[in-house]
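These protein sequence lines map, in sequence, to chains A and B. Numbering follows the working numbering, with no gaps: position 305 of the first sequence is 827. Numbering follows the working numbering, with no gaps: position 122 of the second sequence is 644. We put the CB at the ideal spot given by N, CA and C, even for glycine. Since we're looking at a predicted model, the values are computed, not measured.
There are 2 protein chains.
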Amino acid sequence: MYNFSAGPAQLPLPVLEQAAAELTDWQGSGMSVLEVSHRGKDFVACAADAESAFRRVANVPSNYRILFLAGGATGQFSAIPMNLAARGATAAYLNTGQWSKKAIKEAGRQGVDVRVVADESASAYTTTPEPGSFTVPVDAAYLHYTPNETIGGVEFPYIPDAGDVPLVADFSSTYLSRPIDVERFGVIYGGAQKNLGPAGLAIVVVREDLLGRAREDVPAIWDWKVMAEADSMLNTPPTFSIYLLGLILHWIESTGGLEAMGERNCAKAERLYAAIDASDFYNNPVQARSRSWMNIPFTLADPALDADFLAGADAVGLTNLKGHRSVGGMRASIYNAMPADGVTALIDYMTEFERTRA
Amino acid sequence: MYNFSAGPAQLPLPVLEQAAAELTDWQGSGMSVLEVSHRGKDFVACAADAESAFRRVANVPSNYRILFLAGGATGQFSAIPMNLAARGATAAYLNTGQWSKKAIKEAGRQGVDVRVVADESASAYTTTPEPGSFTVPVDAAYLHYTPNETIGGVEFPYIPDAGDVPLVADFSSTYLSRPIDVERFGVIYGGAQKNLGPAGLAIVVVREDLLGRAREDVPAIWDWKVMAEADSMLNTPPTFSIYLLGLILHWIESTGGLEAMGERNCAKAERLYAAIDASDFYNNPVQARSRSWMNIPFTLADPALDADFLAGADAVGLTNLKGHRSVGGMRASIYNAMPADGVTALIDYMTEFERTRA
């Protein structure tokens, strides 16, 4: 069974097996990790271990704080202006698709003066802006962008240059999929439910000098400074999600860390794009240099065959390939936990479907 | 092993066993419930089942909406004024302890004119206000109170009369512990991690006529009307917490529903209070009519014996009995999942400890 869901998404089987095995008796406590107090020494150690594993795996410098927050990336769409920009202040955004647009909309609700300095709507969001093609206002509180658009399957092949303006990036669908140069960013954030665990957890990496800029009325659980001082435990955190994140981080380390992960993810994506490009039956619309390693949408030459394609895929254990309704066709999300064999199985199925049905 | 943690807290063993058994293969899908899309028909059905089970178990009338939100009760401390009161509007609060105070503080940050119409600080939060002893401003946007204070072990023996002002109640530590007359309330809310599942989920029950009063800048994931229209799935919800909530609700139904649950919880609490009151060695400070069924703090006559008491309890499988630092001594949290045998074991241990050490 290979699960191509865009998120929540396939998790590493060894992680699920460990979680299942210890779900009624965690660390010999006689209790489930679901039952223990977040203030108890066992869980405090578990959360600290997840934090230090994240720091190690992502090579997060010591002047950045790692926060575990509730509400997912969508919650942070509000928390970002609340933490970084006064009402009426300028904030710059790059618009490369559906998730950029959601972030922009929420910022507007928070009363910031949103300047969309690059907008790829003219290409139906199949492109990223050329480096150097946009100008960030020097007085902007931050520049926000979406390194990977889950729906469009578009990914930045470079890190935008924001000058002295703090760069804020929604890494949800590409989080820890390869090495990352954290120092280029002011804030990195994202939901865990694609590469890093279950739904219900946002991981925020914030440079310390950006703490303390929050508005007076930011809700306490989203006040990055307050949460940094409380080790993300001002209130009861999503404990099971943090526990599972820790298991996944250890799994990433056991498979060679982010260098090896990035090589595997690149190879998976390249093979799938090569199969699509070698065929006249399948098509991916995204500009070559902006193709995502994580989310690969493709269409069939004859949309009337879509339902048959999906039913046949399901029958051979390839699930959740239906594309987002705004794009149509298919979408294969191939996050960290998708093994190379899963991509091979998909390519084999696509080849056979084209041979027999095209 | 009996776990007296105040939350996250003991869960029903049959629920944990089912979750463990199907953690790698949910409903024969070959996937974990952690891995499936929240937009897929299987999970949509799972969430709908949890919602309808909650409605059935708590007897929620059809003119109330049930929302599953991220951020716990502490998040809702901000969301309540954001959804119900304009900046500068009046909101009334009853202050009966630490959780009331947190709710009051967050409301103040949201710019409402907080009127604390009853304050039990003079009793060191060991009391609830007499019915009729406080006046709610007729122009208040709502009256907020905390039916059960987890730290102080204080519980309202009645539902306050707020007249035509919507009554808003933080049920976190007493949620579905007995039947509840939902129609007396405008909004009921609480974190799930005590009686109803894992951390990371707030359950909000809101009367429909109160939807649509939100401020323009409420974060979308906390806009009750938006979330009601989206069946709590504007963004990716905490899927595993919702799944586990459903299992727990079915367990409540299988054990006789809230009538039977309330009878069991009352009997457990009465036995423990009787044991405390029958001893000169143990003491509970709370006013008799305001004693909580859920959280029972008690002190030893000689605090020098506290460490021995806790170590001895741990040794016989009675864990997490240490009291909150602001109260001291011990605290036994005996939520829905604590069996009567757990209370018996605690009483037996207390009796033996007093006999040999007092």
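- Secondary structure of B/Y664 (DSSP, three-state): coil.
- Assigned with DSSP and collapsed to three states, A/L769 falls in helix.
- The alpha carbon of A/T650 has as its nearest neighbour, out of A/H772, A/G674, A/V636, the alpha carbon of A/G674.
- The beta-carbon of B/I743 is placed less than 8 angstroms from the nearest beta-carbon of chain A.
- Judged by DSSP secondary structure, A/G850 falls outside any alpha helix (DSSP H); it is assigned neither H nor E.
- Around the CB of B/E874, fewer than 16 other CB atoms lie within 10 Å, so the residue is classed as exposed.
- Interface annotation, A/E573: not in contact with chain B, CB-CB separation never under 8 angstroms.
- Following the DSSP letters along the chain, one finds A/N605 inside the alpha helix (DSSP H) bounded by residues 594 to 606.
- With 16 or more other CB atoms across the displayed protein chains lying within 10 angstroms of its CB, B/D745 is buried.
- When B/A662, B/G712, B/L766 are compared, the shortest CA-CA separation from B/F693 is found for B/G712.
- Assigned with DSSP and collapsed to three states, A/T873 falls in helix.
- Going by beta carbons, B/G610 and A/A592 fall outside the 8 angstroms limit.
- Around the Cβ of B/G619, a 10 Å sphere holds 16 or more other Cβ atoms; the residue is buried.
- At a cut-off of 8 angstroms, the C-beta of B/F762 has a neighbouring C-beta in chain A.
- Taking a C-beta distance under 8 angstroms as the contact criterion, B/V726 and B/L589 qualify as a contact pair.
- Residue-level contact check: A/R853 does not touch chain B, since none of the beta carbons of chain B fall below 8 angstroms from its beta carbon.
- If you draw a straight line from the Cα of A/L616 to the Cα of A/L665, it comes to about 8 angstroms.
- Residue nearest to B/N805 within the set B/L832, B/T841, B/L780, B/P825 is B/P825 (criterion: CA-CA distance).
- For B/A531, the nearest beta carbon of chain A is closer than 8 angstroms to its own beta carbon.
- Per DSSP, reduced to three states, the secondary structure at B/R561 is coil, with no helix or strand assignment.
- Below 8 angstroms, enough C-beta pairs join the segment 688 to 702 of chain B and the segment 715 to 735 of chain B to call them touching: three or more.
- Secondary structure note for A/I798: it is in no beta strand (DSSP E), and the uninterrupted alpha helix (DSSP H) holding it is 779 to 799.
- At a cut-off of 8 angstroms between beta carbons, B/S695 makes no contact with chain A.
- Beta bridge pairing from DSSP links A/F693 with no other residue.
- Per DSSP, the beta-bridge partners of B/E671 are B/V676.
- The beta carbons of A/L766 and A/F576 sit no closer together than 8 angstroms.
- At least one C-beta of chain B is nearer than 8 angstroms to the C-beta of A/H560.
- Annotation: B/Q549 has no Cβ neighbours in chain A at a cutoff of 9 angstroms; minimum Cβ distance is about 13 angstroms.
- In the DSSP assignment, B/F590 falls outside any alpha helix (DSSP H) and within the unbroken beta strand (DSSP E) covering 586 to 591.
- The DSSP-derived three-state label of A/F820 is strand.
- Separation of the CB atoms of B/F831 and B/M860 is rounded to 19 angstroms, and the pair is thereby denied contact status at 8 angstroms.
- Taking 7 angstroms as the upper bound on Cβ-Cβ separation, chain A lies near residues E628, R631, Q632, G633 of the segment 621 to 643 of chain B.
- Counting only residues of its own chain and dropping the five nearest sequence neighbours on each side, A/E705 has a CB closer than 8 angstroms to the CB of P583.
- Classified as exposed, B/V660 has fewer than 16 neighbouring CB atoms from the shown chains inside 10 Å of its CB.
- In the displayed model, A/R811 falls within a helix according to three-state DSSP.
- Proximity of B/L545 to chain A, defined by a Cβ-Cβ separation below 8 angstroms, is satisfied.
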